[in-house]
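Comments concern the structure below.
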Amino acid sequence: MTDRHQIKQAVVIGSGQMGPGIGYTLASAGCNVSIYARSLKSVERGVQAFHAAVDILAAADCISADEAADIRTKISGTTQLEPAVGSADLVIESISENLEMKQKLFAHVENTCRPETILTSNTSGLPATELAGLLNHKDRFAVTHFWNPPHLMPLVEIVKGTETSQQTLNTLASILKKAKKSPVVVLKDTPGQLGNRLFHALLREAIWMVQEGIASVEDVDTAIKNGFGRRFPVYGALEHQDVAGLDTVFAIQKYMCEALCNETSPARFLEDKVNGGNLGVASGCGFYDWKIRDYQTV
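In this text, residue positions in the sequence shown follow this note's numbering: the first is 192, and each later residue adds one.
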């Protein structure tokens, strides 16, 4: 197994929305990073997006000019998968959310890379244990779910499969901390991992309240942004409950829990939006009318 201090070469498979930002994260931790895609055009697009991430962080004074210059030296792109993964200490997959496709990719990579190479997936919900299903060395596989945009969002969820070793978890946490990320470990391979489960619990309630006429779309968002949402950078949800007092929380939950939405399928209101072609910014209308709103200024 790769020593936790020896992740020097990394490959990111996928040059789309997430891959370049993941590449930036690893490069900022001192890794030499190769972004792989099947076409030269996709590789070039991915490398350009990597440099754009460097530009954003340098312009915001999050990194110095010297740091930016050093990070830029650590990126390369390739359409040749086997040579790239053959020398890698870490391979992170970030392709389409298709279980069978990912399983076959990992099986191929494992047959090409060194025995100690760690393999991870950036999946936002597919089970780590199933993703590792075709691997011989399941102990060196985990999910590393980066949040979008990965070069800006600190959270990375490390999801443990049933056979993932503690050393693999430690190695991944170490390199992510070196990149100034905030890794959390999901100890049970759970659908939606950690962040998405929390978010969709909130989203289910928010959509249901609009559907039931309890509040408008605008007022639900205002309550989130200007109420408890303001606390989250300072207090975590559970941390705040300790401050409030667990006896108080328990008393509130005794009458509140039964009043909350407990639907196990998507809300009728959301389904109607989708069936009507109101998909959000892409279609010009969703919960809001984006023909008269500019999402780039939100």
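Backbone N, C-alpha and C define an ideal beta-carbon position, used for all residues, glycine too.
- By the C-beta criterion, the segment 397 to 412 is judged not to be in contact with the segment 342 to 352, since fewer than 3 inter-stretch pairs fall below 8 Å.
- Leaving aside the five residues that flank N339 on each side, the residues in its chain whose CB is nearer than 7 Å to its CB run, in chain order, Q208, M209.
- Just so you know, the alpha carbons of E321 and D252 end up roughly 41 Å apart.
- Here the C-alpha atom of V224 lies approximately 33 Å from the C-alpha atom of H391.
- Contact check for S287 and G237: beta-carbon distance about 15 Å, past the 8 Å limit, so the pair fails to qualify.
- In the structure shown, A279 adopts coil according to DSSP, grouped into three states.
- Bounds of the beta strand (DSSP E) holding P374 are 373 to 377.
- By the CB criterion at 8 Å, D380 and G352 fall inside the cutoff.
- Following the DSSP letters along the chain, one finds V203 inside the beta strand (DSSP E) bounded by residues 200 to 204.
- In the three-state scheme derived from DSSP, where H, G and I count as helix and E and B as strand, F423 is classed as coil.
- Here I443 is exposed. Its C-beta has fewer than 16 other C-beta atoms within 10 Å.
- Per DSSP, N223 is one residue of the beta strand (DSSP E) stretching across 223 to 227.
- Distances from the alpha-carbon of Q197 to those of T359, G214, V465 put T359 closest.
- Residue range 332 to 337 is occupied by the beta strand (DSSP E) that includes F332.
- Between S285 and I204, the beta carbon gap of about 6 Å places them in contact (Cβ cut-off 8 Å).
- Counting along the chain, the unbroken alpha helix (DSSP H) around V434 starts and ends at 428 to 435.
- Beta-bridge partners assigned by DSSP to I349: T335, V376.
- Among the bridge pairs identified by DSSP, L310 is matched with V282, F332.
- Only exposed fits G427, as fewer than 16 other CB atoms lie within 10 angstroms of its CB.
- By the criterion of a C-beta distance shorter than 7 Å, R422 is surrounded in its chain by H431, once the five residues flanking it on both sides are discounted.
- By the Cβ neighbour-count rule, F241 is buried, with 16 or more other Cβ atoms within 10 Å of its own.
- Per DSSP, reduced to three states, the secondary structure at I262 is helical.
- At the C-beta level, V377 and Q384 come within 8 Å of one another.
- Going by beta carbons, F332 and L325 fall outside the 8 Å limit.
- DSSP places T303 inside the alpha helix (DSSP H), whose first and last residues are 290 to 303.
- In the structure shown, D438 adopts helical secondary structure according to DSSP, grouped into three states.
- Rounded to the nearest angstrom, the Cβ distance from K265 to A218 is 4 Å, consistent with a contact under 8 Å.
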